[in-house]
Structures are given as structure tokens and as C-alpha cells.
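FYI, in full-length UniProt numbering the residues of the sequence shown are 1 to 348. Beta carbons are placed, not taken as given, at the ideal position from N, Cα and C, and that holds for glycine. I have placed the structure first, in the form of C-alpha cells, so that the comments after it can refer back to it.
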Amino acid sequence: MSPYVLALLLFSLGLGTTMTFASSHWLLAWIGLEINTLAIIPLMAQSHHPRAVEATTKYFLIQATAAAVLLFAGTTNAWLTGQWEIQQDAHPLPVAIITLALALKLGLAPLHSWVPEVFQGLDLTTGLILATWQKLAPLALLLQLQPPNSYLLILLGLTSTLIGGWGGLNQTQLRKILAYSSTAQLGWMVLVLQFSPSLTTLAVSVYVATTAATFLTLKLAKATNINMLAISWAKAPALVALTPLVLLSLAGLPPMTGFMPKWLILQELSKQGLAPTATLAALTALLSLYYYLRITYTMTLTMFPNNLTGTPPWRLRTRKITLPLACLAIATISLLPLTPAAVALVAL
Numbered sequence: 001m002s003p004y005v006l007a008l009l010l011f012s013l014g015l016g017t018t019m020t021f022a023s024s025h026w027l028l029a030w031i032g033l034e035i036n037t038l039a040i041i042p043l044m045a046q047s048h049h050p051r052a053v054e055a056t057t058k059y060f061l062i063q064a065t066a067a068a069v070l071l072f073a074g075t076t077n078a079w080l081t082g083q084w085e086i087q088q089d090a091h092p093l094p095v096a097i098i099t100l101a102l103a104l105k106l107g108l109a110p111l112h113s114w115v116p117e118v119f120q121g122l123d124l125t126t127g128l129i130l131a132t133w134q135k136l137a138p139l140a141l142l143l144q145l146q147p148p149n150s151y152l153l154i155l156l157g158l159t160s161t162l163i164g165g166w167g168g169l170n171q172t173q174l175r176k177i178l179a180y181s182s183t184a185q186l187g188w189m190v191l192v193l194q195f196s197p198s199l200t201t202l203a204v205s206v207y208v209a210t211t212a213a214t215f216l217t218l219k220l221a222k223a224t225n226i227n228m229l230a231i232s233w234a235k236a237p238a239l240v241a242l243t244p245l246v247l248l249s250l251a252g253l254p255p256m257t258g259f260m261p262k263w264l265i266l267q268e269l270s271k272q273g274l275a276p277t278a279t280l281a282a283l284t285a286l287l288s289l290y291y292y293l294r295i296t297y298t299m300t301l302t303m304f305p306n307n308l309t310g311t312p313p314w315r316l317r318t319r320k321i322t323l324p325l326a327c328l329a330i331a332t333i334s335l336l337p338l339t340p341a342a343v344a345l346v347a348l
């Protein structure tokens with residue numbers, strides 16, 4: 001792809017998300033989402049592989065359906081209340097429809113079926129954009145939605161954490177595992193979204209850092225399924241030593257950074273009198289922990305079948321840029337001591 005075309009598409013991605021962030025009108029928010037979708041379509045299909053084209057087609061149809069439902073709900077709300085403002089109190093029926101449309105865009109369970117299939121057809125770089133940047137605009141709209149449908153959000157959050165953990169248990173393809181991981185992580189954010197928007201923002205920030213570090217690690221290892229990770233120890237020993245810490249941070253284990261948002265979310269749910277919900281969410285996190293540990297075990301404690309066991313493969317100096325991965329890995333692993341500062345910011 002031409003650098004000029006790539007720059008234009010990336011600029012359009014940024015423009016679409018920024019327009020949705022800045023809009024207070026449902027029509028402008030819808031336009032921003034559409035620009036976002038149309039900008040990523042060429043990036044997804046650039047390899048011209050049949051699987052990539054299939055994934056792009058599925059993604060386009062799902063996003064177009066969600067955008068149509070969102071526009072319909074916004075129009076219905078304008079008809080019932082006489083205004084198009086996002087921050088104004090909306091009618092309960094359009095709020096429920098908009099919540100479901102944004103859940104379809106985000107890939108929240110039970111509207112998640114397209115996510116693993118689309119991720120599987122993409123390369124890891126485009127998958128990274130899809131798992132991080134493309135989630136920001138719909139989440140921003142969910143944050144602004146007034147008044148939120150409390151029961152629907154809690155149901156979507158719990159279902160996402162459960163299915164996101166359950167769905168990845170029997171997967172061997174890393175991109176599908178990361179797709180289910182994304183669904184589970186988004187479930188945690190949606191659970192606390194109506195009670196503490198600032199805590200949701202903190203959780204999104206940590207999620208973006210940990211997911212980006214994981215994607216870049218797999219990209220550097222050139223791995224697309226679990227078995228390919230077994231030879232990573234010979235290619236990049238330092239990376240193999242670092243990766244389990246990144247994965248355990250994604251799982252939310254202390255003392256990694258990923259423990260911070262889960263800890264604060266469970267605390268907030270308990271304060272709101274939702275201790276059973278918090279308990280169920282914490283138990284579903286164990287499902288996700290299993291497949292993160294499975295990847296860790298394969299990468300660090302297994303050896304790929306090799307006829308020449310006594311001959312280590314050549315380790316050539318990589319030409320890839322590893323500074324972003326190093327910065328993200330450090331942020332993913334070592335920021336838990338900043339929790340008091342994060343709590344102070346959330347309380348503002």
C-alpha cells in the first residue's frame with residue numbers, strides 16, 4: 001500500500017474517532033462512526049487473502065447493521081423527545097436500542113460472534129487497531145448515554161466476562177484467543193461504566209496498553225497459533241521471559257498493572273451494593289486466567305519437536321522496531337504502585 005494512501009486512511013481513522021468524541025449530536029456521532037468503519041476497511045483487506053476479504057466483508061456488514069440501528073434509535077429518540085442531543089435525557093426505548101447497537105459494534109456478548117472470526121482473518125497489526133482504537137468511539141458514546149439502562153449494561157458486562165473467558169478455553173489460534181480476551185475485558189468496563197465513568201476510562205487505558213503489548217509480542221515472535229510459541233525461546237529469550245508477565249497483567253494478577261482496574265472495579269461494585277455481581281465477575285476472570293497461563297506454559301516450559309536438539313538455531317538481530325513494545329511492557333508490568341494516584345484521579 002502506498003504511504004500516502006496509508007497516511008490518509010490513518011488520518012481518517014483518527015478523524016472519525018475524534019469526531020465521535022467531540023460530537024453532542026447523534027447525527028454527527030453516527031457520521032464519525034461511519035468514517036471510522038470506512039477507513040479501516042482497506043487496511044483489513046490490503047493483503048487480498050481470501051480469509052482477509054471474508055473477515056473484511058463480515059466486519060463491514062456487522063458495523064453497517066449496528067450503524068443503521070443506531071441511526072434509527074437516534075431518530076426515534078428525536079421523534080419521542082424532540083431533541084438530538086446526546087447528553088440530554090433520552091427515552092428509555094431508544095436508550096436500550098442504542099446500547100444494543102453499540103454492544104454489537106464493540107463485540108459484547110451475546111453480540112460477539114463476529115469478533116473471533118474477523119480477528120482470525122486479519123494480520124496482527126490490523127487486529128491491534130481493531131482491538132484498541134476501534135473500541136474507543138462506541139465506548140465514548142456509551143459513557144455519554146443518559147440515563148443508562150442499568151440492568152442491560154450489567155447483563156451485557158457479566159455475559160461478556162463469562163463468554164469471553166469460556167470461549168477462549170479450547171482455542172489454539174492466538175488471534176481468536178485475543179478476540180475472546182477483548183470481549184472479556186470490555187465486559188469489565190461495561191460493568192462499572194454507569195457508576196464511575198472515570199474508572200472506566202482508567203480501565204480502557206490499561207486495557208489498551210496491555211493488549212498492545214500482547215499483540216506486538218506475538219508480532220515480534222511471528223506466532224499465530226499456540227504451537228508456534230514453543231520455538232520462541234530460541235529466537236528471543238528476553239522476550240519469552242517478559243511475555244508471561246504481560247499476559248498475567250492482562251489476566252489481572254497482582255503485582256502487575258492489570259490488577260489495578262479489576263481491583264477498583266470490584267471495589268466500586270461492592271460500594272454500589274452489587275457484591276454478587278462483583279463475585280461472579282471475579283470468578284469469570286479465572287476462566288480467562290486459564291488460557292493466559294496456557295499460552296505462558298507453551299511459550300516458556302515446552303520445547304518444539306526438533307530432530308537437531310543439540311543445535312540451537314541462529315539468533316539474528318531483529319530489524320523490527322522494539323521500542324514501543326519495551327515501553328508498553330514496562331507500563332503493563334510496573335505501574336501498580338501508582339494505584340493511589342489513580343484512585344485520587346478517579347475520585348475527582
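Would you identify the three-state DSSP class for residue i, choosing helix, strand or coil?
| i | result |
| --- | --- |
| Asn-225 | strand |
| Gln-46 | coil |
| Gln-173 | strand |
| Thr-18 | helix |
| Lys-320 | coil |
| Met-260 | helix |
| Met-1 | coil |
| Gln-134 | helix |
| Pro-237 | helix |
| Gln-144 | helix |
What does the Cβ neighbour count give for residue i, buried or exposed, with the cut at 16 atoms within 10 Å?
| i | result |
| --- | --- |
| Leu-191 | buried |
| Tyr-5 | In the sequence as presented, Tyr is not what sits at residue 5; that position holds Val. Per the 10 Å Cβ criterion, exposed. |
| Trp-188 | buried |
| Asn-149 | buried |
| Ile-163 | buried |
| Thr-172 | exposed |
| Arg-175 | buried |
| Leu-135 | Reading off the sequence, residue 135 comes out as Lys, not Leu. It counts as buried. |
| Tyr-297 | exposed |
| Gln-83 | exposed |
| Leu-108 | buried |
Do residue i and residue j have their C-beta atoms within less than 8 Å of each other?
| i | j | result |
| --- | --- | --- |
| Pro-293 | Ala-213 | It is worth fixing the name first, because residue 293 is Leu in this sequence and not Pro. Going by C-beta atoms, Leu-293 is not nearer than 8 Å to Ala-213. |
| Leu-70 | Pro-42 | no |
| Ala-67 | Thr-56 | no |
| Ile-86 | His-25 | yes |
| Leu-186 | Thr-257 | no |
| Leu-143 | Thr-99 | no |
| Met-260 | Thr-183 | no |
| Ala-221 | Ala-236 | yes |
State the beta-bridge partners of residue i as determined by DSSP.
| i | result |
| --- | --- |
| His-112 | Paired residues: none, contrary to the question. |
| His-25 | Glu-85 |
State the CB to CB distance for the pair residue i and residue j, rounded to an integer number of angstroms; the pair is presumed to be in contact (CB under 8 Å).
| i | j | result |
| --- | --- | --- |
| Ala-209 | Ala-39 | Actually they are not in contact, since the Cβ atoms of Ala-209 and Ala-39 sit about 23 Å apart, beyond 8 Å. |
| Leu-266 | Ala-278 | 5 Å |
| Leu-216 | Leu-323 | Not quite, the Cβ-Cβ distance comes to about 10 Å (not below 8 Å), so this is no contact. |
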